[in-house]
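**Q** The structure under discussion is supplied below as structure tokens; questions concerning it will follow.
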Amino acid sequence: MSTGTGTGIGTGTVPLPPRPSGVREVIGYNWPMYAGGLAAMAGGLALAPRLPRVPATLARTGALAAAALLMGSTAACWWVYDHSELYSLDWLTGLLPDGPGDHLVISTGLDEVSHPLALRYPGTRQSVVDLYDPALTTEGSIRRARRRVPPRPGTLAGSPSRLPVATASQDTVFAVFAAHELRLAPDREALFAELTRTLRPGGTLVLVEHLRDPANTAVFGPGAWHFMPRREWLRLADGEGLRSVTETRIAHLVTALVFRRGAE
Numbered sequence: 000m001s002t003g004t005g006t007g008i009g010t011g012t013v014p015l016p017p018r019p020s021g022v023r024e025v026i027g028y029n030w031p032m033y034a035g036g037l038a039a040m041a042g043g044l045a046l047a048p049r050l051p052r053v054p055a056t057l058a059r060t061g062a063l064a065a066a067a068l069l070m071g072s073t074a075a076c077w078w079v080y081d082h083s084e085l086y087s088l089d090w091l092t093g094l095l096p097d098g099p100g101d102h103l104v105i106s107t108g109l110d111e112v113s114h115p116l117a118l119r120y121p122g123t124r125q126s127v128v129d130l131y132d133p134a135l136t137t138e139g140s141i142r143r144a145r146r147r148v149p150p151r152p153g154t155l156a157g158s159p160s161r162l163p164v165a166t167a168s169q170d171t172v173f174a175v176f177a178a179h180e181l182r183l184a185p186d187r188e189a190l191f192a193e194l195t196r197t198l199r200p201g202g203t204l205v206l207v208e209h210l211r212d213p214a215n216t217a218v219f220g221p222g223a224w225h226f227m228p229r230r231e232w233l234r235l236a237d238g239e240g241l242r243s244v245t246e247t248r249i250a251h252l253v254t255a256l257v258f259r260r261g262a263e
């Protein structure tokens, strides 16, 4: 069930995974959205000279809005994924001062956190479960990302309602950019029930997500509706008796929410 202790990774026996995705990879994963934005911008500018004054103004305004959205979202991705502390995990120090202990990493097709965690906390036991299922994780970007970053050796296949991990076996569970890919509320509810089951009494869930909030909406526009609002994560945690402990903002656009299972 374990993928290793973090020792021996990168020593020549297990190939190092690609570096965590940056803005270049994000564009590659989401190229249809970028292509659509560029087409809207080019189309508006090309049509404007052929239209009467009012429609021409609207066409130019739409083209400028598309350009602003593309530039803003690209700059935000560059800042978050290429230049913040997101994948260095420095933000974890204050959240888990004693380290994660035995920990579980959940992914839904793209796992870019288990390797940094294993390097940062050698000697801890780590399990990784991938929930990727084309019927559940329907975004084309996930399929493209998975082709670039296959699961690490030892990763276990699971589903939201069945994690192949023993009950009360984990000190910490990490769900980093994973839970929001479950688009149906019952699947998210089943996952939180399973995450809680795997935690030991007093164990910690670290949930890292973009939120559907004003900051993310300002830079990602309609794309922010792919994220869940903060109240959804609080609802799911409360439904399983997980207590909200703290949260921290990473690069202004990513939120790490920390929940704890009650002691029994």
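Every letter in the sequence shown is one number past the one before it in numbering that gives the first Met the number 0, and letter 9, counting from 1, is 8.
We put the CB at the ideal spot given by N, CA and C, even for glycine.
For the segment 89-151, list the alpha helix (DSSP H) runs that are entirely contained and at least 4 residues long, ordered along the chain.
**A** Entirely contained in the segment 89-151, the alpha helix (DSSP H) runs reaching 4 residues are, in chain order, 91-94, 113-119 and 139-147.
**Q** Does the contact criterion of 3 or more C-beta pairs under 8 angstroms hold for the segment 62-71 versus the segment 157-175?
**A** Result no; under three Cβ-Cβ pairs closer than 8 angstroms.
**Q** With a 10 Å radius around its C-beta and 16 neighbouring C-beta atoms as the bar for buried, classify Met227 as buried or exposed.
**A** Position 228 of the sequence shown, counted from the start, is the residue given in the question as residue 227. So Met227 ends up on the buried side.
**Q** Could you check how far apart the C-beta atoms of Glu208 and Ala178 are, in whole angstroms? I think they sit under 8 angstroms.
**A** Here residue 208 is taken as the residue at index 209 of the sequence shown, counted from 1. Here residue 178 is taken as the residue at index 179 of the sequence shown, counted from 1. Rounded, the Cβ-Cβ distance is 7 angstroms, consistent with contact.
**Q** Taking a contact to mean a Cβ-Cβ separation below 9 angstroms, would you say Leu252 touches Trp232 in this structure?
**A** By one-based count along the sequence shown, residue 252 stands at place 253. By one-based count along the sequence shown, residue 232 stands at place 233. No, they are not a contact pair.
**Q** What three-state label does DSSP hand Glu246 in the structure shown?
**A** Against the sequence shown, residue 246 aligns to sequence position 247. It is a strand residue.
**Q** Hey, would you say Arg229 sits closer than 9 angstroms to Leu241, going by beta carbons?
**A** As a working note, residue 229 is residue 230 in the sequence shown. As a working note, residue 241 is residue 242 in the sequence shown. Contact: no.
**Q** Nearest to Arg151 by CA position, among Arg142, Arg143 and Val104, is which residue?
**A** Translated into the one-based positions of the sequence shown, residue 151 becomes position 152. Checked all of Arg142, Arg143 and Val104; the closest Cα to Arg151 is Val104.
**Q** Taking only the alpha-carbon atoms, compute the straight-line gap between Gly93 and Gly43 and give it to the nearest angstrom.
**A** Mapped onto the sequence shown, residue 93 falls at position 94. Mapped onto the sequence shown, residue 43 falls at position 44. One C-alpha to the other measures close to 48 angstroms.
**Q** What is the C-beta distance between Ala250 and Trp78, in whole angstroms, given that I count them as a contact (C-beta under 8 angstroms)?
**A** In the sequence shown, the residue the question calls residue 250 occupies position 251. In the sequence shown, the residue the question calls residue 78 occupies position 79. Correct: roughly 6 angstroms between the Cβ atoms.
**Q** So Val205 is in the beta strand (DSSP E); what residue range does that whole segment cover?
**A** Counted from its first residue, the sequence shown places residue 205 at position 206. Note, Val205: beta strand (DSSP E), Leu198 to His209.
**Q** Taking 9 angstroms as the cut-off, decide whether the C-beta atoms of Leu204 and Thr195 are in contact.
**A** The count along the sequence shown starts at 1 and reaches residue 204 at position 205. The count along the sequence shown starts at 1 and reaches residue 195 at position 196. In contact: Leu204 and Thr195 (Cβ atoms closer than 9 angstroms).
**Q** Which residue wins for smallest C-alpha separation from Gly75, given the options Val25, Trp224, Ala255 and Val175?
**A** Numbered from its first residue, the sequence shown carries residue 75 at position 76. Gly is not the amino acid found at residue 75; the sequence shown has Ala there. Looking at the Cα atoms, Val25 is the closest of the given residues.
**Q** Assuming Arg124 and Leu88 are in contact, meaning their beta carbons sit under 8 angstroms apart, how far apart are those beta carbons, in whole angstroms?
**A** Against the sequence shown, residue 124 aligns to sequence position 125. Against the sequence shown, residue 88 aligns to sequence position 89. Not quite, the Cβ-Cβ distance comes to about 17 angstroms (not below 8 angstroms), so this is no contact.
**Q** Within the same chain, show all residues whose beta-carbon is closer than 6 angstroms to that of Gly61, passing over the 5 residues directly before and after it, in chain order.
**A** As a first step, residue 61 is located in the sequence shown; it is residue number 62 there, counting from the start. Cβ neighbours of Gly61 beyond the five flanking positions: Gly43.
**Q** In this structure, how does DSSP classify Arg260 when only helix, strand and coil are distinguished?
**A** Residue 260 sits at position 261 when you count from the first residue of the sequence shown. DSSP places Arg260 in strand when its eight states are reduced to three.
**Q** Leaving out five residues before and five after Ser1 in sequence, what residues of the same chain have Cβ atoms less than 6 angstroms from its Cβ?
**A** In the sequence shown, counting from the first residue as 1, residue 1 sits at position 2. For Ser1, the predicted model reports a pLDDT of 37, less than 50, meaning its position is unreliable; a value from the coordinates is still stated below. Taken in chain order, the residues that qualify are Arg124 and Ser126.
**Q** For Thr171, report the span of its beta strand (DSSP E) as first-last.
**A** The residue you call residue 171 lines up with position 172 of the sequence shown. Gln169 to Val175 is the span of the beta strand (DSSP E), which, as asked, contains Thr171.
**Q** Kindly indicate which three-state DSSP category Arg165 falls into: helix, strand or coil?
**A** Against the sequence shown, residue 165 aligns to sequence position 166. Checking the sequence shown, residue 165 turns out to be Ala, not Arg. In this structure, Ala165 counts as coil in the three-state DSSP scheme.
**Q** Going by Cα to Cα distance, which pick from Arg187, Thr166 and Pro221 is closest to Pro200?
**A** Reading the sequence shown from its first residue, position 201 is the one you call residue 200. Nearest C-alpha to Pro200: Thr166.
**Q** Could you give the C-beta distance for Ser158 and Asp132, rounded to a whole number, given that I count them as a contact under 8 angstroms?
**A** Sequence index remark: in the sequence shown, residue 158 carries index 159 (1-based). Sequence index remark: in the sequence shown, residue 132 carries index 133 (1-based). At roughly 7 angstroms, the Cβ-Cβ gap stays under 8 angstroms, so Ser158 and Asp132 are in contact.
**Q** To the nearest whole angstrom, what separates the beta carbons of Trp90 and Thr197, a pair I think is in contact under 8 angstroms?
**A** Within the sequence shown, residue 90 is the residue found at index 91, counting from 1. Within the sequence shown, residue 197 is the residue found at index 198, counting from 1. Contact flag wrong, Cβ pair sits at about 23 angstroms.
**Q** Nearest to Arg23 by alpha carbon, out of Ser72, Ala255 and Ala47?
**A** Residue mapping note: residue 23 aligns to position 24 of the sequence shown, counting from 1. Of the listed residues, the one whose Cα sits closest to Arg23 is Ser72.
**Q** Compare the C-alpha of Glu239 against each of Thr56, Glu193 and Pro121 and name the closest.
**A** Your numbering for residue 239 matches position 240 in the sequence shown. It is Glu193.
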